[in-house]
Amino acid sequence: MTSFTLPHELHGDGAHKVFAVHGWFADRSAYASVLPDLDITSFTYALVDLRGYGEAKDAVGAYSTAEAAQDLLELADRLGWERFSVVGHSMGGAVAQRLLALAPGRLRRIVGVSPVPASGLPLPADQWELFADAAHLPENRRTIIDFTTGGVRPAAWLERMVARSLAVSDPKAFRSWLDSWAGEDFHAEVAGVRVPALAVAGRLDPALSAALLRETWRRWYPYGEVRELSGAGHYAMDESPLELIQVVEAFLDADDEDEDESGTGAEGEEA
């Protein structure tokens, strides 16, 4: 892996530092809908573009969650962030867990928004073909977005999401990322880590449901929680931005500066 500085933008000047990591279908613009209403006095958010996306669209690399975790750790060092939290959407949730495996002592809290489990997401052959061909077929991207939001979203919104995805991602990187987030199982490296960990699921998302996260995320993390948003599917930032902000920032704000380096605290309950 080569050293690389992730393109990023900072929002806020709060003491609690937070990385926001996008998923497979977008760059850091995935968080555009929540930006106006974030608590920028309590938190400092760094929104990043992973390799193959946004300002890093032409960056070479392995396009893997492990590489992304190392990139984030190097960015944290550049920013002077000794301890910080991470919010990751979907694929970005797998990246957050890779970072947990890499540097658990530096993480205050992690949040996965419809996160891919650290065990990966095995797909049947027909679904694998659908996902793999989405690298170059816009109609496949539309089908995936429609399915993971319950088949109830307006056509114009689906088309806008597809257009954004195509504009901000490199097709070859997009395809390579699939092998990593879907195919790699590293849950043994994070199981038992005592950093508070929240997983937020959308009730309309059949792929990464609250039930799946209770069987994975909640079992692995002693201080793990699973919350479900009733009005969201896989893209809670776009579908239920205010509810998502309330749930995530309440969880992050519960962090205690006097908490020890292992991140121990009161064990969370499922909602």
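Counting along the sequence shown from 1, when you hit position 85 you're at 85 in UniProt numbering, and nothing is skipped either side. Glycine included, every Cβ here is placed at the ideal spot set by N, Cα and C.
Based on the DSSP output, what are the partners of residue i in its beta bridges?
| i | result |
| --- | --- |
| lysine 17 | Thr44 |
| aspartate 226 | The sequence shown places valine at residue 226, rather than the aspartate named in the question. According to DSSP, valine 226 bridges with Ala199. |
| histidine 11 | Tyr45 |
| serine 169 | Tyr53 |
Which stretch, first to last residue, makes up the alpha helix (DSSP H) that contains residue i?
| i | result |
| --- | --- |
| leucine 212 | 210 to 215 |
| serine 85 | Not the alpha helix (DSSP H): serine 85 falls in the beta strand (DSSP E), residues 84 to 89. |
| arginine 141 | 138 to 147 |
| lysine 57 | Here lysine 57 belongs to no alpha helix (DSSP H), and DSSP marks it neither H nor E. |
| alanine 134 | It is not in any alpha helix (DSSP H) - alanine 134 carries neither H nor E in the DSSP assignment. |
| glutamate 74 | 65 to 79 |
| proline 241 | 241 to 253 |
Residue i and residue j look like a contact to me (Cβ under 8 angstroms); what is the Cβ gap, rounded to whole Å?
| i | j | result |
| --- | --- | --- |
| leucine 100 | leucine 73 | About 11 angstroms separates the two Cβ atoms, so there is no contact after all. |
| arginine 108 | serine 90 | That pair is no contact at about 22 angstroms. |
| histidine 187 | tryptophan 157 | Contact flag wrong, Cβ pair sits at about 33 angstroms. |
| valine 195 | glycine 88 | About 13 angstroms separates the two Cβ atoms, so there is no contact after all. |
| valine 111 | proline 138 | That belief does not hold up - the Cβ atoms of valine 111 and proline 138 are roughly 30 angstroms apart, past 8 angstroms. |
| tryptophan 181 | tryptophan 24 | 7 angstroms |
| valine 95 | threonine 65 | 5 angstroms |
| leucine 222 | glycine 192 | Sequence check: residue 222 is proline here, not leucine. Confirmed, Cβ separation roughly 7 angstroms. |
| isoleucine 40 | glycine 12 | 3 angstroms |
| alanine 26 | arginine 164 | 6 angstroms |
| leucine 178 | phenylalanine 131 | 6 angstroms |
| leucine 38 | isoleucine 245 | 6 angstroms |
What residue does the beta strand (DSSP E) around residue i start on, and which one ends it?
| i | result |
| --- | --- |
| glycine 112 | 107 to 113 |
Should residue i go down as buried or exposed, given a rule of 16 or more other Cβ atoms within 10 Å for buried?
| i | result |
| --- | --- |
| aspartate 77 | exposed |
| histidine 136 | exposed |
| glutamate 228 | buried |
| serine 230 | exposed |
| glycine 233 | buried |
| alanine 167 | exposed |
| glutamate 129 | exposed |
| arginine 106 | buried |
| proline 154 | exposed |
| valine 247 | buried |
| aspartate 71 | buried |
| threonine 149 | buried |
| arginine 51 | buried |
| alanine 250 | exposed |
| glutamate 159 | exposed |
| serine 3 | exposed |
| valine 152 | exposed |
| alanine 271 | With a pLDDT of 40 at alanine 271, under the threshold of 50, the modelled position of this residue cannot be trusted; read the value that follows with caution. Under this definition alanine 271 is an exposed residue. |
| glycine 224 | buried |
| proline 7 | buried |
| aspartate 260 | Legend: pLDDT at aspartate 260 = 42, less than 50; position of this residue unreliable, value from coordinates given subsequently. Answer is exposed; the Cβ neighbour count stays below 16. |
| threonine 5 | exposed |
So is residue i in contact with chain C if we call contact Cβ pairs under 8 angstroms?
| i | result |
| --- | --- |
| proline 138 | In the structure shown, chain C does not exist; there is a single protein chain. |
Just to confirm, does residue i get its C-beta within under 7 angstroms of one of the non-hydrogen atoms of the ligand SAM?
| i | result |
| --- | --- |
| alanine 254 | Looking for the ligand SAM in the displayed structure turns up nothing, as the structure carries no ligands at all. |
Stretch pair the stretch 35 to 47 + the stretch 9 to 21: three plus CB contacts closer than 8 angstroms | yes
| For the 8 angstroms Cβ check, are there 3 or more pairs between the stretch 106 to 121 and the stretch 189 to 202? | yes
| field | Stretch pair the stretch 168 to 178 + the stretch 209 to 226: three plus CB contacts closer than 8 angstroms | value | no
Below 8 angstroms, how does it come out for the stretch 18 to 34 and the stretch 229 to 238: are there three or more Cβ pairs, yes or no?
yes
Item to complete: Could you say if the stretch 120 to 134 and the stretch 49 to 65 meet the contact criterion of at least three C-beta pairs nearer than 8 angstroms?
Response: no
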